[in-house]
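In the working numbering, the protein residues as written are 1428 to 1862. For glycine and all other residues, C-beta sits at the position ideal for the given N, C-alpha and C.
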Amino acid sequence: MAAGRKRMKNWLQSASLATRLTLLVLLLTSLTWAAFSAVLLYETHDEISELLDKQLYVYTDLLWQSLGDDDDLQFSPLRKPDHLPRVAFSLYSHSGQLLLSSSEHALPFQEKPEKKTQTIELDGNHWEIAVRQDDERQLIVGEPHQKRDKLIDEIVAYVGLTAGLALAILLPLLLLAIRHGLLPLKAVDAELARRAPDNLEALTLPVPREIAPLRNRLNTLFAQVSATLEKERRFTADAAHELRTPLAGLRVQIELAQSSPRPAAREKALKQALLGVDRSTHLVAQLLEMARLDYAAIETGLNIDMEQLARQALQDAGLEQSCLQTENVYPWRGHAGLLALLLRNLLDNARRYAGENAAITLRLNQNSICISDDGPGVPPEVLTRLGERFYRPPGQNQTGAGLGLSIVYRIAELHQASISLASDQGFQITIRQEK
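The following block contains the structure:
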């Protein structure tokens, strides 16, 4: 039994949406129709019984009027009117003497007749009778249950057959309606099947309101994948462009070392080659770091001690701890490793570009990080471009790839922090995380 239920569950899970909807609609429609039919048949049976009871009283009134007030009865014994074929009747005097009967087995005299129809048993058969009487006579009109039930059964069977035929007509129409309702999904499927793998344009075909969220999610996914691919293409192109120059320089220095007959020239060329290797290694490390940050997601629920990170970053950069100024420092939400990388890049940039004797200050104030120096600063036209990938100001003597601030901007974005730059007196960068 358990294995059968498991197989049924697996089959339902693997079944198509059309099959699931069809089975569900068939089941619910059949159950609803069965319940409706049961209620309808019950009500029909009840209404017909009530109608036959009223009809029996009509027959009783007709017979009573036919008898008249005369003692000379209009009907012979053992006879009944031809227009009342299903009923039998008996007429009694007030004392209970049989005066007239439509059959050999007279309907019994009622000592305490009821105002509504009642069921009696006569010769093993059940009868439904109605009584009409006055001070002198009592008229009993009865209808055998056998005939009555046969009529009711015929009517109920007709109603049930009609309901069954209606269900048989309705079910195929429902199946056609389901198939028609799923046509928009098939249209989306056909549109996707016709697409080339590199076609990430948004779906524009009209769909019903229920399917519109699916189309919108697909379009969002297409846009995200397109942006990711474009980002990867741009990254690959930028990396190839940036690596081409140092690699070419390495080749020149190595060829010079190979061809030079002088040991001093060879040693100088090899030293330059080693410096080129270091620059290339640094560039590759930054490229990999940038690529990792492009797809990074952080846990923002962790509270990070920024003062501890700042002291460690100053130590790693070879700067004095006196460079640090703190005031009411709040813990940051985010990733300790990425925030340490942010501080390291900022301090490295300040140390390299501010000048040899420039004073560098790292301030932590509530939810902000500010690193400033009293160096020469940067022109306004350069300030607006800082943070662009691979951007290096013209006339720059320091080596680098132009990725340091790009990494800082990406880490700040991951931590939902804003960045502001200023170059009024020296250079200043402030990162603020909103609480």
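Scanning E1657, S1464, L1632 and H1607 for the CA closest to the CA of L1619 turns up L1632. For N1794 against R1738, the beta-carbon gap comes to about 18 Å, at or over 8 Å, which does not count as contact.
Residue range L1751 to E1754 is occupied by the beta strand (DSSP E) that includes L1751. The C-alpha of E1747 lies about 7 Å from the C-alpha of L1741.
A straight-line Cα-Cα distance of about 17 Å links H1842 and V1756.
The criterion of a C-beta distance shorter than 8 Å is satisfied by V1652 and L1627. When DSSP states are grouped into helix, strand and coil, E1628 belongs to the coil group. For L1729, there is no enclosing beta strand (DSSP E), as DSSP marks it with neither H nor E.
8 Å or more divides the Cβ of R1693 from the Cβ of A1700.
Per DSSP, reduced to three states, the secondary structure at S1687 is coil, with no helix or strand assignment.
In the three-state scheme derived from DSSP, where H, G and I count as helix and E and B as strand, R1622 is classed as coil.
Annotation: V1805 to F1854 spans about 7 Å, alpha carbon to alpha carbon. For A1785, there is no enclosing beta strand (DSSP E), since its DSSP letter is neither H nor E.
Taking all protein chains shown into account, T1546 has fewer than 16 neighbouring C-beta atoms within 10 Å of its C-beta and is therefore exposed. S1476 is a Cβ neighbour of I1579, given a cutoff of 8 Å.
For P1611 against I1638, the beta-carbon gap comes to about 5 Å, under 8 Å, which counts as contact. Only residues of its own chain outside the window of five on either side were considered, and among them I1846 and I1858 have a CB closer than 6 Å to the CB of A1839, listed in chain order. Going by DSSP, I1556 is part of the beta strand (DSSP E) stretching over N1552 to Q1560. For L1603 against W1491, the beta-carbon gap comes to about 59 Å, at or over 8 Å, which does not count as contact. Between E1570 and V1485, the C-beta gap is not smaller than 8 Å, which leaves the two residues out of contact.
Beta-carbon to beta-carbon, L1736 and A1767 are separated by about 5 Å, close enough to satisfy the 8 Å threshold.
T1544 is positioned such that its CB atom lies closer than 8 Å to that of A1557.
In terms of Cα proximity to M1733, the closest of L1697, C1797, G1703 and K1698 is C1797. Assigned with DSSP and collapsed to three states, P1611 falls in helix. Annotation: L1454 to P1540 spans about 51 Å, alpha carbon to alpha carbon.
Of the residues assessed, S1529 falls on the buried side of the cut-off, its CB having 16 or more other CB atoms within 10 angstroms. DSSP lists F1516 and A1557 as the bridge partner or partners of V1568. With contacts defined by Cβ atoms closer than 8 Å, V1586 and T1471 form a contacting pair. Of the candidates D1705, S1799, R1661 and R1790, R1790 places its Cα closest to the Cα of E1754. Taken through DSSP and simplified to helix, strand or coil, E1548 comes out as strand. Per the coordinates, the alpha-carbon of L1478 lies some 14 Å from the alpha-carbon of Y1469.
Around the beta-carbon of G1703, 16 or more other beta-carbon atoms lie within 10 Å, marking it buried.
Ranking S1517, S1850, E1861 and L1773 by CA distance to the CA of I1834 puts L1773 first.
Under DSSP, W1759 takes part in a beta bridge, and its partners are I1731. In the three-state reduction of the DSSP assignment, F1854 falls in the strand class.
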